[in-house]
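Under the UniProt record's numbering, think of the first position of the sequence shown as 1, with each following residue one higher. Where a beta carbon is used, it is the ideal one built from N, C-alpha and C, also for glycine. Some notes on the structure that comes next.
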Amino acid sequence: MGSFPSHGSDLADDIEMIALQPQMDCKHIYEKEPVIHYISTKKPHPRCPVVGCPKILQVGRVVCDALLTIEIDEMRLASATNIHSTMVEDFTEVD
1 MGSFPSHGSD LADDIEMIAL QPQMDCKHIY EKEPVIHYIS TKKPHPRCPV
51 VGCPKILQVG RVVCDALLTI EIDEMRLASA TNIHSTMVED FTEVD
């Protein structure tokens, strides 16, 4: 999995890489540690890594979205529940 958002991929794949850190200016979502590292190494003006986004990233403008963490946990739980609900056993007795 990459550290930055992808487009056109399966949502289940994106769940693993979703960060808790949306950038306030452009609203793209990143993993906290990689985006902080990216910002600190791409000086003087680190641009958002999402293709076509012209926004400049700043450490002070990256914020944590606590609701996103809850939503990710709920999606993982729902996904795990759906996996088990598709399993079917045949209890038909054969005489």
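TODO: Alpha carbon to alpha carbon, how far is VAL35 from ARG76? Give it in angstroms, no decimals.
DONE: Their backbone Cα atoms lie some 23 Å apart in a straight line.
Open item on the list: Going by DSSP, what residue range makes up the alpha helix (DSSP H) through PRO54?
Closed with: Counting along the chain, PRO54 falls outside any alpha helix (DSSP H), and DSSP gives it neither H nor E.
Task: For ILE70 and LYS55, the rounded distance between their alpha carbons - done: Spanning the two alpha carbons is a distance of roughly 27 Å.
Open item on the list: Within a Cβ cutoff of 6 Å, which residues of the same chain sit near ASP13, ignoring the five residues on either side of it in sequence?
Closed with: With a pLDDT of only 44 at ASP13, under 50, the local geometry of the prediction cannot be trusted, and the value read off the model is given with reservation. Same-chain partners within the cutoff: there are none.
- [ ] Taking GLN58 as the reference, give the member of ASP65, LEU68, HIS37, GLU74 with the closest Cα.
- [x] Closest in alpha carbon position to GLN58, among ASP65, LEU68, HIS37, GLU74, is HIS37.
Task: Buried/exposed call for GLU74, threshold 16 Cβ in 10 Å - done: With fewer than 16 other Cβ atoms from the protein chains shown falling within 10 Å of its own Cβ, GLU74 counts as exposed.
TODO: Provide the residue span of the alpha helix (DSSP H) that contains VAL50, from first to last.
DONE: Element bounds for VAL50: n/a, residue is neither H nor E.
Open item on the list: For a test of the three-state rule: what should DSSP assign to VAL35, helix, strand or coil?
Closed with: Reduced to three states, the DSSP call for VAL35 is helix.
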